[in-house]
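Colleague: Sending over a structure as structure tokens; questions will come in a sec.
In my numbering, the protein residues as written are 9 to 213.
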């Protein structure tokens, strides 16, 4: 059975489903078809843009940069490993817009006490983020029978010195065996020494 009509002035039931269709019905169907294609292309474009944005802001291998000119050469792969370990525990933070900078800095600085801060430069238009490392500047050396520590102006102790060796040295002759990153003197005393040295260095005659 052939249904439908090509005449615009003749009305038949379910004309849009007939074999014969008027020019008006064909035009309506064509507009619907075009609208579907445009909507599909727009959706594909949005999805492509979203995927490109995620790829460009994904940190696969951390890029570590030394923001200061120092005397010694640190093993940057050790810092890269600490950052990678943090991302391993927080995989979603590999996307730079989800990164908890304070949490990452705390984790890396717990592994490497010589780091004072990390400046994260995010590249929103492609490429990976860059992690600029800033190191603590030592003002004195604290020596025990088995280990040597460095102390900065805030009294913070650390093991690795990126800069020149301090001229001031404190020798601990208590004979007490220290654990890793532990000192005999109290933190307040260490801080006091650091502040005294800073004040002396800043005094102009």
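The C-beta atom is built at its ideal place from N, Cα and C for all residues, glycine as well.
Contact defined as beta carbons within less than 8 Å: I believe residue 161 pairs with residue 206. What is the distance between those atoms, to the nearest angstrom?
Modeller: Here residue 161 refers to the residue found at position 153 of the chain shown. Here residue 206 refers to the residue found at position 198 of the chain shown. Going by Cβ atoms, the distance from residue 161 to residue 206 rounds to 5 Å, so yes, they are a contact pair.
Colleague: Along the alpha helix (DSSP H) that carries residue 109, what are the first and last residues, could you check?
Modeller: Within the chain shown, numbered from 1, the residue matching residue 109 stands at position 101. Where residue 109 is concerned, the enclosing alpha helix (DSSP H) stretches over 109-119.
Colleague: Going along the chain, which residues of its own chain have a beta-carbon closer than 7 Å to the beta-carbon of residue 146, five neighbours each way excluded?
Modeller: The residue you call residue 146 lines up with position 138 of the chain shown. So the list reads 158, 159, 160, 169, 171 and 174, once near-sequence residues are dropped.
Colleague: Could you please give the first and the last residue of the uninterrupted alpha helix (DSSP H) stretch that includes residue 97?
Modeller: Sequence index remark: in the chain shown, residue 97 carries index 89 (1-based). Unbroken alpha helix (DSSP H) run through residue 97: 84-97.
Colleague: Who are residue 141's beta bridge partners in DSSP?
Modeller: As a first step, residue 141 must be located in the chain shown, where it is residue number 133. For residue 141, which the question treats as bridged, DSSP gives the partners 74 and 126.
Colleague: If I follow the unbroken beta strand (DSSP E) through residue 177, where does it start and stop?
Modeller: Counting from 1 along the chain shown, the entry for residue 177 is found at position 169. Note, residue 177: beta strand (DSSP E), 177-179.
Colleague: Taking residue 151 as part of the beta strand (DSSP E), name the residues at either end of that continuous run.
Modeller: Stepping through the chain shown from its first residue, residue 151 is reached at position 143. It spans 148-151 - the beta strand (DSSP E) in which residue 151 sits, taken as one unbroken run.
Colleague: Report the rounded CA-to-CA distance for residue 88 versus residue 149, giving the unit in angstroms.
Modeller: Locating residue 88 in the chain shown gives position 80, where the first residue counts as 1. Locating residue 149 in the chain shown gives position 141, where the first residue counts as 1. Taking the straight line from one Cα to the other gives about 27 Å.
Colleague: Tell me where the beta strand (DSSP E) around residue 156 begins and ends.
Modeller: The residue given as residue 156 occupies position 148 in the chain shown. Start and end: 156-159.
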